[in-house]
Each structure stands twice: as C-alpha cells, then as structure tokens.
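S.K.: The structure is given below, and queries will be raised subsequently.
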Amino acid sequence: MDIEEDDDVPLILGRPFMKTTRMMIDIDDGVMKVRVQDEEVSFNLWEAMKHSKEKDVCFKLDATEEAILDVRKQAHRPSSLEQALTDAFDELDPEKEKEIEECLKQLDALKEMSPLEAKIEELKDDEKPAEVKLELKTLPSHLKYVFLEEGDKKPVIISNSLSTFEESSLIRVLKENKEAI
Numbered sequence: 118m119d120i121e122e123d124d125d126v127p128l129i130l131g132r133p134f135m136k137t138t139r140m141m142i143d144i145d146d147g148v149m150k151v152r153v154q155d156e157e158v159s160f161n162l163w164e165a166m167k168h169s170k171e172k173d174v175c176f177k178l179d180a181t182e183e184a185i186l187d188v189r190k191q192a193h194r195p196s197s198l199e200q201a202l203t204d205a206f207d208e209l210d211p212e213k214e215k216e217i218e219e220c221l222k223q224l225d226a227l228k229e230m231s232p233l234e235a236k237i238e239e240l241k242d243d244e245k246p247a248e249v250k251l252e253l254k255t256l257p258s259h260l261k262y263v264f265l266e267e268g269d270k271k272p273v274i275i276s277n278s279l280s281t282f283e284e285s286s287l288i289r290v291l292k293e294n295k296e297a298i
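The working numbering numbers the first residue of the sequence shown as 118 and each following residue consecutively.
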C-alpha cells in the first residue's frame, strides 16, 4: 500500500474502501493484521493504546526520562580525581608501592589534632599609631564643635542655638553612645 503518512489526518478505513480493496482484518493476540491483495501490515493494538494522543507530551516525557537516566549515570561515575588516583595505583611498580605504603604509615603515625586542640592566637598591636592632630574646618555661625573626649578628641558638630541645658544633655547622650558614632 502506497499511502503518504500524515500524522495530523487520521486514516479512516470506511466500508467502501474495504469493499473495493477486498480487505481482511484479523485481530489475534492484540495484533491487527490488514491484508490488501498480497501485502500485509500488522499493528500492535496494545502498543498503540499506550501512547498519548498529544505527541508533544509523549516526546517530553521520553526526553525527561532520558535526561534522568543520563544524570543517574553521571552521578554514579567516579570523579576525575578519584579516577586518576585509582588508575595511578594500577600502574605502580613494587618499589613505588613500597614507598607509598611507607608514607601512609608515617601519616597514620602522626597525631590527629582535634578541633578543640586548635589554638587561636590574638593579634597584639604593640605599636600604637601616633596621634594625629585634627584640622577642624571653619563652621558657619549657627554650628559649633564639641568634643566627646578631653584633649580635643572625637569632635562632633552641634547647633549653636541650643541652650546650656540642651547642649549638656546632648553631649551626655553622645558620650554614652560614642561607640555607635
């Protein structure tokens, strides 16, 4: 039978077609056999019924399964470092093998350091940096400098229009929280 295959158009074998071609259909063990003259085509009905009518969905499922199998194979594959190390041991001569065994014995003999035994040393700053004299810029008339430490250290700019009580209260709060500044 020379029929051009078109997946989008279903093939419907109507009675007129079957009568003119003297078609015979046998369904035995889930296989449909279509005979036209001396040609025969077999369709497995159980296999045909497994697939979804939507081709894209079916192909996506197949692609997903293949991708999962590939990832599984790669996950079980040893890393390149592991492969190189195991291959290297296969090609060792007896002399090199003895050297490696000796090194391994020496490594095993070394005492393991537990995390509790690890020492943490604090860095000491023996040299204190020389104190730098600050150059204070001239401020507008409504602002002024106040110092949080004696010796003109830690300058802060405040408003010049504050009362004496407000200024002393502000300076007290700033001194209490000078680490945050």
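For every residue, glycine included, the Cβ atom is placed at its ideal position computed from N, Cα and C. This structure is a prediction, so every number in the text was calculated from the model and none was measured.
Run through DSSP, which three-state label would leucine 227 get?
M.R.: DSSP places leucine 227 in coil when its eight states are reduced to three.
S.K.: Kindly give me the distance between the Cβ atoms of leucine 265 and leucine 224, rounded to whole angstroms, as I take these residues to be in contact under 8 Å.
M.R.: Going by Cβ atoms, the distance from leucine 265 to leucine 224 rounds to 58 Å, so no, they are not a contact pair.
S.K.: State the Cα-Cα distance for the pair proline 211 and serine 197, rounded to the nearest angstrom.
M.R.: Looking at the two C-alpha atoms, the distance is approximately 25 Å.
S.K.: Are the CB atoms of serine 280 and lysine 261 nearer to each other than 9 Å?
M.R.: No, they are not a contact pair.
S.K.: Could you give the DSSP three-state label for valine 249: helix, strand or coil?
M.R.: Here valine 249 sits in coil by DSSP.
S.K.: For glutamate 183 and aspartate 204, what's the separation of their Cα atoms in angstroms?
M.R.: Going by the C-alpha atoms only, they are around 30 Å apart.
S.K.: Report the rounded CA-to-CA distance for glutamate 239 versus lysine 215, giving the unit in angstroms.
M.R.: If you take the alpha carbons of glutamate 239 and lysine 215, they lie about 44 Å apart.
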